[in-house]
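Below is one structure, written out as structure tokens, with a few remarks after it.
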Amino acid sequence: SLSGCSYVLFLGYLIGGPPSVEPDFDAQTKESMTDKDVTVAVVCFAPNEVLYGFENIHHELAKYVTHRLAQHKINVVPHDYVKAWLEENRDWDKPEEIGEAFKATYVVYIDLNKFSLYEEGSASLYRGQAEAIVSVWKMDDNGEAEKIFSAEKISKYPAQQPISTSEESFPNFKARYLTRLSEQIGRFFYEYYISDEIAGDS
Numbered sequence: 007s008l009s010g011c012s013y014v015l016f017l018g019y020l021i022g023g024p025p026s027v028e029p030d031f032d033a034q035t036k037e038s039m040t041d042k043d044v045t046v047a048v049v050c051f052a053p054n055e056v057l058y059g060f061e062n063i064h065h066e067l068a069k070y071v072t073h074r075l076a077q078h079k080i081n082v083v084p085h086d087y088v089k090a091w092l093e094e095n096r097d098w099d100k101p102e103e104i105g106e107a108f109k110a111t112y113v114v115y116i117d118l119n120k121f122s123l124y125e126e127g128s129a130s131l132y133r134g135q136a137e138a139i140v141s142v143w144k145m146d147d148n149g150e151a152e153k154i155f156s157a158e159k160i161s162k163y164p165a166q167q168p169i170s171t172s173e174e175s176f177p178n179f180k181a182r183y184l185t186r187l188s189e190q191i192g193r194f195f196y197e198y199y200i201s202d203e204i205a206g207d208s
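Structure, rendered in structure tokens:
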């Protein structure tokens with residue numbers, strides 16, 4: 007038989023569908039990126055030691071996260087526009103410069119400190135691993151910005167066991183891990199279901 011707590015969860019599932027999780031950004035700031043008239047720009051920074059192994063990973067991850075936010079009804083500046091601006095303004099050093107350029111409400115700034123696709127110490131096993139600080143800068147009417155949110159994301163995929171390189175091509179696994187990592191980052195900003203989180207880790 008169902009316990010009291012389980013019964014309430016079960017009843018809620020029948021009435022309203024699976025239980026969803028409030029995004030950390032909304033819970034901490036009492037604001038939401040899905041609000042009307044909100045525009046979001048996404049930018050990623052990676053240090054040279056990360057870029058040495060993955061030359062364009064900062065652009066690739068920003069593109070994946072941008073796509074993920076757009077899928078969840080967040081009005082986001084197309085990554086190609088942001089990338090073009092970054093290439094024209096290589097001396098930029100503050101997120102508000104990007105926010106001002108695109109008249110964004112928020113700038114999502116991903117500081118990617120670590121990224122790898124192989125199990126540590128192995129060249130024949132895939133396991134995506136990343137460490138990042140994800141912060142949000144809110145723009146004001148004067149082109150200034152205030153950091154209103156910051157969270158660390160430590161990611162490992164698959165969570166259970168690595169995958170043999172003989173089972174999957176490198177480009178395919180890389181795309182799959184970027185999809186997973188962008189979901190993990192995106193969930194700071196949009197609602198998701200607990201069942202999705204469990205399924206995605208395997």
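The end of the sequence shown is residue 208 by this note's numbering, with every number in the run present.
Even for Gly, the Cβ is constructed at its ideal location relative to N, Cα and C.
Here the structure is a predicted model, which is why all the values come from computation and not from measurement.
Would you check if the distance between the CB atom of residue i and the CB atom of residue j is smaller than 7 Å?
i      : j      : result
Ala47  : Val140 : no
Asp117 : Phe51  : yes
Phe31  : Phe155 : yes
Val44  : Thr111 : yes
Lys89  : His65  : yes
His85  : Ala68  : yes
Pro168 : Leu123 : no
Gln135 : Lys162 : yes
Assign residue i to one of three DSSP states: helix, strand, or coil.
i      : result
Gly59  : coil
Leu8   : Because Leu8 sits at a pLDDT of 49, beneath the cut-off of 50, its placement in the model cannot be relied upon, and the following sentence gives the value as read from the coordinates. Residue state, collapsed to three classes: coil.
Ala107 : helix
Arg133 : strand
Glu126 : coil
Ala181 : helix
Ser188 : helix
Ala52  : coil
Glu173 : coil
Ile200 : helix
Trp98  : coil
By the 10 Å Cβ neighbour count, where 16 or more other Cβ atoms means buried, how is residue i classified, buried or exposed?
i      : result
Phe194 : buried
Glu173 : exposed
Ala205 : Its pLDDT being 49, under 50, Ala205 is placed unreliably by the model, and nothing is read from it.
Glu150 : exposed
Glu152 : exposed
Tyr58  : exposed
Tyr252 : Residue 252 is absent from the model: the chain starts at 7 and stops at 208.
Ser188 : buried
Pro177 : exposed
Glu102 : buried
Ile200 : exposed
Ile160 : exposed
Sorry if obvious, but does the Cβ on residue i come closer than 6 Å to a heavy atom of the ligand NAD?
i      : result
Glu125 : By its list of ligands, the structure shown contains no ligand whatsoever, and the ligand NAD lies outside what it can speak to.
When you compare only the Cα positions, how much space is there between residue i and residue j?
i      : j      : result
Glu137 : Glu55  : 13 Å
Val14  : Gln190 : Because the pLDDT at Val14 is just 49, under 50, the model does not fix this residue reliably, and the point stays unresolved.
Trp143 : Asn81  : 16 Å
Glu158 : Thr171 : 29 Å
Tyr198 : Lys79  : 13 Å
Arg74  : Asn148 : 29 Å
Trp91  : Met145 : 18 Å
query = For the 8 Å Cβ check, are there 3 or more pairs between the stretch 118-128 and the stretch 78-97?
reply = Touching, no.
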